[in-house]
Every structure is written in C-alpha cells, then in structure tokens.
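Enquirer:
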Amino acid sequence: MKFFIDTANVEDIKKANDMGVICGVTTNPSLIAKEGRVFEEVIAEIASIVDGAISGEVKATTTDAEGMIAEGREIAKIHPNMVVKIPMTVEGLKAVKVLAAEGIKTNVTLIFSANQALLAARAGATYVSPFLGRLDDISTRGTDLIREIAEMFEVAGIETEIIAASVRNPIHVTDCALAGADIATVPYAVIEQMTHHPLTDAGIEKFKKDYIAVFGE
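For the sequence shown, this note's numbering gives the first residue as -15, with consecutive numbering after it.
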C-alpha cells in the first residue's frame, strides 16, 4: 500500500516528503480554507515539492456537472500531476465521465458504500476515496467497506485505485493495508505516530547510554 499525505499545509508536506514515504497529496476545501491561502498558489507550491499525484477539489459550492467540468479543466492545467477531486453525486459522476474522456485524472470523494465506489469506477474515476473514519464515527466499521470495495474491484477486474481516506490513527493504516487499499491518505500527525514504538524509543535510549558509558559524549 502506498501513502499520500492528507493536508494543504506545505510544511507538513515537506517533512513527510523528506522522510521518503509519500508519493502523493490529497487536499479538500476544508484543508485549503484552514491554511487561509489562495487555492492555486497552495497547489502550485505542493507540486513543486512532491513528484506525484496531487488531488485538488472542485469548489464545495459547485454542484452542477458543467461547473465541475469547467473547474476540473482549470485544476488540471495547474500541473501535469493534478487529479481533480469530485464529490460522489449524480452530477459528479457526469463530470467524471467527461473529464476522464479528456484524459484528466479524477478522484471521487465522500464515498460511504461499495455501490458508490462501483458507480464512480464505471464512470471512469482514477481513484475512489472511501471515508473510513467517518463511518467509524457512526459505529460502522470503515475497514469493512475498504475490504468490500477491494474484493468487488478484483472480481470485476476494475483498475480504479482505492484511496483509504479519513484515516485517524496508525491502526486504521494497518487495517486498510490488510483490507486491500491501494493507497492510504493520512495526516502528518498519523505518519509521525507510525514511526514510534515504546520499545524502539527505549532501545534507542539504551544504546545511547551504553555508548556514552564506554566512549563518553
């Protein structure tokens, strides 16, 4: 399973990229708004850091296919690595069909059922993004959805990639990898958490003390 970072914070993207563990970035209107910057400027800066897929979403206020198509074309022009993020709606599927036919990559977001993922894939989506954390919030196992979509895609021979989104913790990451997700898009805080284990931290401290005891500082 590959990793994208889910943020619009350039500093977090730089840190994750320097670790060598990410191959893409996902953003959304809320993440962009949180940074308080112009969308195009943020995306262009991200593209200068990460050499991989970068999802930029159409405006949250754009609900018709024509508007999404027009915005999608503009997003695609920002950089060759751009992926247009489209919400899972009837109008969104119409937009995906047109953009895909033009060779523009798309990521259908806010997916909460296997049927939604199947429809998005058949419309031509490059990626589908099921939100497991939000399902967990309503006492539904999000990783079960990841597994169901992965099995469905394998049976049908569908090449659309599954991005596990709304990932909240390292356990989610492990579960998604086992469930068959192609990609997990995670906040930097989760990536940082994944680097730690109490025994690793304790081992480093012991090695340090043993070295100092023999060789000094």
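Positions of the beta carbon are idealized from the N, C-alpha and C atoms, including for glycine.
Fair warning: this is a prediction, and the values are worked out from it, not measured in the lab.
State buried or exposed for glutamate 41, treating a residue as buried only when at least 16 other CB atoms are found within 10 Å of its CB.
Expert: buried
Enquirer: With asparagine 1 and valine 34 assumed to form a contact (beta carbons below 8 angstroms), what rounded beta-carbon distance in angstroms separates them?
Expert: 5 angstroms
Enquirer: What are the start and end residues of the alpha helix (DSSP H) that includes aspartate 128?
Expert: First-last of the alpha helix (DSSP H) with aspartate 128: 126 to 140.
Enquirer: Tyrosine 172 to leucine 15, Cα distance in whole Å?
Expert: 13 angstroms
Enquirer: How would you call proline 64, buried or exposed, if buried means at least 16 neighbouring beta carbons within 10 angstroms?
Expert: exposed
Enquirer: Using 8 angstroms as the threshold, is the segment 77 to 87 in touch with the segment 129 to 140, meaning 3 or more CB pairs across them?
Expert: no
Enquirer: Roughly how many angstroms separate the alpha carbons of valine 9 and alanine 186, rounded to a whole number?
Expert: 33 angstroms
Enquirer: Return helix, strand or coil for proline 114, following the three-state DSSP convention.
Expert: Correct three-state label for proline 114: strand.
Enquirer: Would you call the CB atoms of alanine 161 and isoleucine 146 closer than 9 angstroms?
Expert: no
Enquirer: Fully enclosed by the segment -11 to 41, which alpha helix (DSSP H) runs are 4 residues long or longer?
Expert: Counting whole runs of 4 or more residues, the segment -11 to 41 contains the alpha helix (DSSP H) stretches -6 to 3, 13 to 19 and 23 to 33.
Enquirer: By Cβ distance, which residues of its chain are closer than 7 angstroms to leucine 103, with the 5 residues on each side in sequence left out?
Expert: Leu77
Enquirer: Do lysine 69 and threonine 90 have their C-beta atoms within less than 9 angstroms of each other?
Expert: yes
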